[in-house]
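J.: In our numbering, the protein residues as written are 1 to 702.
Note that the Cβ used here is the ideal one computed from N, Cα and C, for glycine as well.
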Amino acid sequence: ALREDLKILVMSATLDGGPIAALLDGAVVISSQGQAYPVEERYCGDNPDQSVTSRMTDVVQRVLRETTDDILVFLPGAGEIRTVGDAIAETLHGKAASDVSLHPLYGDLPFEEQERAILPSAGRKIVLATNIAETSLTIHGVGVVIDSGLTRRLQYDPGTGMNRLVTVTVSQAAARQRQGRAGRQYPGVCYRLYSHHTFQSLIPFAPPEIAISDLSSLVLDLAAWGVKDPATLSWLDPPPRAAWRAAQELLKELGALDAKGSITPVGVSMARLPLHPRLGRLILKAAELGCPSLGADLAALLSERDIIRHSRSSFPHPTGGFDLSDRLGLLGQWRQNKMLPKTADAFALRAVDRTSQQLRRLMGKKSEAAGETTGGMIPRLLLFAFPDRIAKRREDDNSRYILRQGRGVRLSAKILPGGSPYLVAVVVDKGEKAEGTVHMAEPLTEELIREALQDQIEAVRQVEWDKLEGRIIATLEECLEKIVLSARQVNPSNEEVVSILCEAIRSKTVKISFSREALQFQARVRLMQQTFPEENWPDLSEEMLLSAPQDWLLPWLSGIRNGEQLAALNILPALTETLTWEQRRLLAERAPVTIAVPSGHSIPIDYVSGDIPVLAVKLQEMFGLADTPAIAGGRIKLLLQLLSPARRPVSITRDLSQFWNTGYPQVKKELKGHYPKHPWPDDPWNAIPTRKTKVRNLKEKN
């Protein structure tokens, strides 16, 4: 143990003590039921068309008429407390205004004001509180609770990449806790600003914060203690692995962790700051660059409630269409007591200024450097706080960008496209479709990106097949992940060419030409496969060849750069090389390219036209031959196409002997008159085979 003298007491009105006791190595669990009085529940129904402020004001007036006890109103945050308090004050007139006092109650209030809300008062009081009043606190005199059904919860905001307090509906457990505040001293009443059906649809318990929050601060703190793997610690609720890995990656990009996950000197300094790591990195960089005041203002603006009011919802949303330069200007106007636009939120401005002052004190006395303007420093600081949010404009649309991870984003309609092709997207929502929407951004220059992130820029060779030009294009790119900063064409290496060509052939992006000779070779090998299955003949089908060109075509692809050259490539030598020397010998012997016929000529065999090899030969060249020619060691008889002198088929057979006996007489009868110059003997069995006319045969004989 680090502190033997340290005693820990865990107190809760809602948590199950068993798991906590087990985590604390069998700690003692003490339960106390306490005293609770019955509380009547009254549901006010759902009215989504009416603002929360308006509905709460109406219910408060109703409660003032129906009851005489003090009232505790639950609202999600300080901003809503001020808004609702102002609205209620406007409804109190005459005696009611003097008899009823309004008291806010939230964590940032001065202690004296918190005491006034808790202690008994002379008249009737209305306490407007956050969930600080849900559990351990007893407010004297309260017999009525009004529950807005809303609360603030710390949750990861993908728009900013940091944790942010978001307004959500309460859980059933929290709603019952709020109800119980009305029955601490005597029977009370709980008014709910929603229906019983809505109550039943609430989640039973709020999810643990560790399951929904950004874990960057946690991972950084543990790294400072030397912890890299969460599995080495005991947890009440273990952190999600994906969220832990995402936090580690962000911290590496911020320079807080090295490639192995160990904390760096920058990370040590960041861990000492009570800020999200993004803002801690911003503060440190601001001090380094001599602009600590600007850094404090930026960090405060990014961590506090937005100083720009938004009217599209009951309560302001934390993002808007103004950039940080505008907000800094607005903050400066407020500090100089100048007239502010209606969109400015004075309470938020006060909170931002207070946070900025705290950060300045935290940094100590840092000198302000002269030189670069505030406007020039803003993108530089944001670049170090949001290195994962760098985006480059797409060439086809000034409002569309691509983030360094490859995600597409589009500028909000409130942001005018600037002249710079680069920007840092400070606030980005998920987007309804594939692209997110950028709500807050600052322009960047390529020079600034190179200066700040030079160690993350990689040289990448891209070699690909250009479909439009029908050729291989090689470029050398400087990339920040998916963002291409520069590109120039280079000559591809032979290995790159061969690899791209093989992939293009596999994907059928390009075609190789199968000549008649190549098709014949394929068919001859296929015939050997079918006839001699016990032998190891390769599969040279087109499907197999195109699926694995690297297995047979590589040496012949050298020097090829475009589709025309590939189409002109003679692949027959490559196919031949797929066979062993012995297989080539057997192929020539068993499936010859040509075969000698009785006339003495060698006639090509057609292996492509059908399943059976075809020998197309003039009928007169086969005189005197009784048996049909065969190949494959006599296993396969050829399909004879016996041709007329005009080379038209007159008979197709695999039984030559039967043709001479039965078919030839009919053929002779039909064709002798058409081709009188050619021999049509009565006895083909003993006639001299020839491809010449009778006259020419006679001349050669004489």
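1) Mind checking residue 551: buried by the 16 CB within 10 Å criterion, or exposed?
2) Suppose you measure from the CA of residue 41 to the CA of residue 93; what does that come to, to the nearest Å?
3) If you follow the beta strand (DSSP E) that residue 162 is in, where does it begin and where does it stop?
4) Taking just the CA atoms, how far does residue 466 sit from residue 653?
5) Roughly how many angstroms separate the alpha carbons of residue 291 and residue 560, rounded to a whole number?
6) Applying the 10 Å Cβ sphere with the 16-neighbour rule, what's the burial state of residue 175?
7) Given a cut-off of 8 Å, decide if residue 347 and residue 82 are closer than it, judged by their beta-carbon atoms.
8) Does residue 244 pass the burial test, meaning 16 or more other C-beta atoms within 10 Å, or should it be called exposed?
9) Would you mind listing the beta strand (DSSP E) stretches within the stretch 170-239 that are 3+ residues and don't spill past its ends, in chain order?
10) Contact defined as beta carbons within less than 8 Å: I believe residue 278 pairs with residue 162. What is the distance between those atoms, to the nearest angstrom?
11) Taking 7 Å as the cut-off, does the CB of residue 689 come closer than this to any heavy atom belonging to the ligand ATP?
12) Taking the alpha-carbon positions, what's the residue 685 to residue 620 distance?
13) Report yes or no: do the stretch 333-346 and the stretch 384-400 share at least 3 C-beta pairs separated by less than 8 Å?
14) So what's residue 635 in DSSP terms, helix, strand or just coil?
15) Can you tell me which residues form a DSSP beta bridge with residue 479?
16) Three Cβ pairs or more, each shorter than 8 Å: is that satisfied between the stretch 611-625 and the stretch 635-644?
17) Count the other CB atoms, across all protein chains shown, that sit within 10 Å of the CB of residue 672; report buried if there are 16 or more and exposed otherwise.
18) Distance check for residue 352 and residue 103, CA to CA, integer angstroms please.
19) Opposite residue 440 in the DSSP bridges: which residues?
20) Helix, strand or coil: how does DSSP classify residue 129 here?
21) By how many angstroms is the C-alpha of residue 570 removed from the C-alpha of residue 496?
22) For the pair the stretch 568-583 and the stretch 482-495, tell me if three or more CB-CB distances fall below 8 Å.
23) Would you check if there are 3 or more beta carbon pairs closer than 8 Å linking the stretch 435-448 to the stretch 400-419?
24) Mapping the DSSP letters down to three states, classify residue 685 as helix, strand or coil.
25) If you measure between the beta carbons of residue 186 and residue 43, is that distance less than 8 Å?
26) Is it buried or exposed for residue 205, if we count other Cβ within 10 angstroms and need 16 for buried?
27) Which term fits residue 134, buried or exposed, when burial requires 16 or more other beta carbons within 10 angstroms of its beta carbon?
28) Does the pairing of the stretch 622-629 with the stretch 653-670 give three or more beta-carbon distances under 8 Å?
29) Check residue 401 in the structure and name its three-state DSSP category.
30) Taking the DSSP output, what are the residues bridged to residue 562?
31) Scan the stretch 42-77 and note each continuous alpha helix (DSSP H) run of 4 residues or more that stays entirely inside, going in chain order.
32) Going straight from the alpha carbon of residue 649 to that of residue 634, what length do you get?
33) Pick helix, strand or coil for residue 318, following the three-state DSSP scheme.
34) According to DSSP, is residue 248 part of a helix, a strand, or is it coil?
35) Are three or more beta carbon pairs between the stretch 358-365 and the stretch 476-483 nearer than 8 Å?
36) Using the Cβ count rule (16 or more neighbours within 10 Å means buried), how would you classify residue 664?
T.: Judging by the given coordinates:
1) exposed
2) 28 Å
3) 162-169
4) 51 Å
5) 58 Å
6) buried
7) yes
8) buried
9) 188-192
10) 6 Å
11) In the structure shown, the ligand ATP is absent, as is every other ligand, since no ligand is present at all.
12) 11 Å
13) no
14) coil
15) 458, 484
16) yes
17) exposed
18) 23 Å
19) 427
20) strand
21) 21 Å
22) no
23) yes
24) coil
25) no
26) exposed
27) buried
28) yes
29) strand
30) 471
31) 52-66
32) 25 Å
33) Residue placement at residue 318 cannot be trusted, given a pLDDT of 41 that sits under 50; the coordinates are not used to answer.
34) helix
35) no
36) buried
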